[in-house]
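Per our numbering, residue 463 is the first one in the sequence shown, and the count goes up by one each step. To start, the structure itself, in structure tokens.
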Amino acid sequence: SYEAGNAVELARFDDYWDGPAYLDGVVAREITEPTVRLTGLRTGEFHMINDIPADRMEEIKADPAFQTVSWFPLNFDFINMNNDYEPFKDPKVRIAFDMIIDKEQLLQGALWGQGAITASPSYPTSASYDKDLKNRAQDIEGAVALLAEAGYGPGDLKIVFKATTNYPYHIEAAQILVEWFAAAGVTLTIEQLTWADWLSQVWVNKDFQMSMMNFFGLWEPDFLYYSLYHSTGGFNYRHINNPKIDELVTEARVTVDPAARADLYKQVQQEVFDKAHDVVIWFRNGSIAGQPGVGGLDTIVHPNGNALNFHKVWLKA
């Protein structure tokens, strides 16, 4: 059964090719508030939860009342700039904004070090991952100079950063960014949105200047790059329109040779980076916590790092 926005109930299928699951069924509930998830775990309302808040990870791991599993990576997080909005039509401004950011400090301050910084959105285990793509170092002075080249002096830019309370670490990241951007003469104002409002304003209506989101890109690069960066991509809410990227991802779709295909995606990564269409920040660790009575917790995470598989999970007597 399925209840929109609340829960889905799954029943065991005894004719599954790999044998029936151990459990009779699983009820998955949609709990977006991290504190509610943790409270439900502590009270025994939930057998397990996923996405342990980064600032509570060490506490939960050290608590003998729970068992935990963590893995790398779950997804990547990236700072979005509306490429169809002034001043972000100018790549100099987008690059300057990238230069304002110290990704490692942001990782430690907002995500408590639960991940690793990256310049590429391709998963590190994917053949398409460009390990030679290096993050821009923080350079406030250089960013100010580049903004001046684009025609913006100190105090000229006032940007609204829309972040959702669904991801508290996005709010914390934005708060850190405010100080750095102020040092570069840019006023950054945070607008906190519920998940529903963020989806409506940013995702659907594309009514934003800056924002931050995560993406479960999976190991396969076609879904990642076509949907996020092609001009007609279903997840291209940042108004990215780059003919070179369109050509590369379209060619990659019909390229059979794995090495040639991987090279095309590496070229896409380079173009995204060179034009700073987004600022890819980090790969985030995945995590789940369970009651001691949950068996097989370590079998739940799918090899792709995104999905959860309850086939070999059971409840201890």
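Just so you know, even glycine gets a beta-carbon here, dropped at the ideal spot from N, CA and C.
Roughly how far, in whole angstroms, is the beta-carbon of residue i from the beta-carbon of residue j, given that I think they are within contact range, below 8 angstroms?
i	j	result
Q685	F538	For clarity, residue 685 is Phe in the given sequence; the question names Gln instead. Incorrect: roughly 13 angstroms between the Cβ atoms, too far for contact.
W533	V763	6 angstroms
A635	P549	Wrong, their Cβ atoms sit about 21 angstroms apart, outside the cutoff.
How many Å lie between residue i and residue j at the Cα?
i	j	result
L639	W665	22 angstroms
E653	I541	15 angstroms
S662	K778	43 angstroms
E521	T717	48 angstroms
V775	K565	37 angstroms
A599	T651	24 angstroms
Q637	Q567	13 angstroms
W479	G748	28 angstroms
N771	A483	10 angstroms
F451	F623	Lying outside 463 to 779, the shown extent of the chain, residue 451 is not represented and no answer is given.
G575	H739	25 angstroms
Using DSSP with H/G/I as helix, E/B as strand and the rest coil, what is residue i?
i	result
D618	coil
W479	coil
E520	helix
E653	strand
K737	helix
T505	helix
G757	strand
E465	strand
V775	coil
Determine whether the beta carbon atoms of residue i and residue j lie at a separation below 8 angstroms.
i	j	result
L759	V531	yes
A646	I579	no
K728	S590	yes
S614	V711	According to the sequence displayed, residue 614 carries Tyr and not Ser. Going by C-beta atoms, Y614 is not nearer than 8 angstroms to V711.
I422	E733	Outside the shown range of the chain (463 to 779) lies residue 422, about which nothing can therefore be said.
Q731	D560	no
R700	N544	yes
G577	W744	yes
G752	M510	yes
Query - Complete runs of the alpha helix (DSSP H) confined to the stretch 681-730 [at least 4 residues] - result: DSSP runs (the alpha helix (DSSP H)) wholly in the stretch 681-730: 683-691 and 705-715.
Query - Runs of beta strand (DSSP E) lying entirely within the stretch 561-599, each at least 3 residues, in chain order - result: Taken in chain order, the complete beta strand (DSSP E) segments of 3 or more residues contained in the stretch 561-599 are 577-579.
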